[in-house]
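Colleague: Numbering of the sequence shown is given in UniProt numbering, commencing with residue 1 and proceeding in unit increments.
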Amino acid sequence: VRGTIFNELDDDKLHSVIDFSDFEERFKIGVGGPLINGTSVVDGLGSFPSKRFKRTENVSLLEHTRLRNIAISRRKIEIPVEKVISAVNSLDLKVMSLENVELLQRMVPTEQETKTYKEYVGSKKNVNLLTEEDKFLMQLGKVERISTKLVIMSYIGNFFDNIHFITPVSGKCAQYDTSSMVHFGRPPLPLASSNRMKLSSRG
């Protein structure tokens, strides 16, 4: 180190100025790792106390089988409840197909379910804690005369389906009637001759 800056260094003087024990503790390599702001670091990352957030479980007021069936039907309909309600109120079969109407008829909340939801809301409980299926039924329960409206939609949808089914059948019936008149509209020749012979004998 002669001729360099290190030649002039006084180790004893430096030890009296610098706390090497703290220095070594902060930069030591081992299982604990170095300390940064008093926090142990492993693999270069500070180990901070982890906070565990407990997920809030949704609540359902429905019986298990009923809840499962509602969930399946909702996935089949694939229409937001707001559009469903709007379509039902306007009897719109373009938005709600006949198949969806029939699914919805089985989903309409019963009187007991409607009562249970009203009691839940009346007790100031958090509606957001309910499952999506419960929220769906709760909204349906607010539609006035929903069962009657769905029956009307079902009748209209089936009516047009029946018309399309009946039209070709009625055409075949008309064709059959026309052909019958051709074949049976005039009496056969033997019958006509027999009648003439009877009239001649009487005369």
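In this text, a Cβ means the ideal position worked out from N, Cα and C, and glycines have one as well.
(1) Compute the beta-carbon to beta-carbon distance between Val88 and Ile146, rounded to the nearest angstrom, for a pair I have assumed lies under 8 Å.
(2) Between which residues of its own chain and Glu133 is the CB-CB distance below 8 Å, once the five residues before and five after are set aside?
(3) If I'm right that Met96 touches Leu137 with Cβ under 8 Å, what's the distance once you round it to whole angstroms?
(4) Counting only the same chain and skipping the five closest in sequence on each side, list residues whose C-beta sits under 6 Å from that of Lys149.
(5) Thr114: which of Ser154, Phe160, Lys135, Asp92 sits nearest, CA to CA?
(6) May I have the straight-line CA-CA distance separating Glu119 from Leu140, to the nearest angstrom?
(7) Tell me the residue span of the alpha helix (DSSP H) that contains Ile77.
(8) Alpha helix (DSSP H) containing Lys135: first to last residue?
(9) Looking only at C-alpha atoms, which of Ser154, Met153, Glu57 sits nearest to residue 249?
(10) Give the DSSP-derived three-state secondary structure of Val95 in the structure shown.
Modeller: In short, the structure shows the following:
(1) Between Ile146 and Val88 the Cβ distance is about 6 Å, and since that is below 8 Å, they are a contact.
(2) A distance below 8 Å between beta-carbons, with the five flanking residues on each side excluded, links Glu133 to the following residues of its chain, in chain order: Ser60, Leu62, Leu67, Ile70, Ala71, Arg74.
(3) The pair is not a contact, with the Cβ atoms about 17 Å apart (cut-off 8 Å).
(4) Closer than 6 Å at Cβ, skipping near neighbours: Val88.
(5) Looking at the Cα atoms, Lys135 is the closest of the given residues.
(6) Approximately 16 Å between the Cα atoms of the pair.
(7) Residues 64-77.
(8) For Lys135, the enclosing alpha helix (DSSP H) begins and ends at 132-140.
(9) In the structure as shown, the chain starts at 1 and stops at 203, and residue 249 therefore has no counterpart that could be examined.
(10) DSSP, read as helix, strand or coil, puts Val95 in coil.
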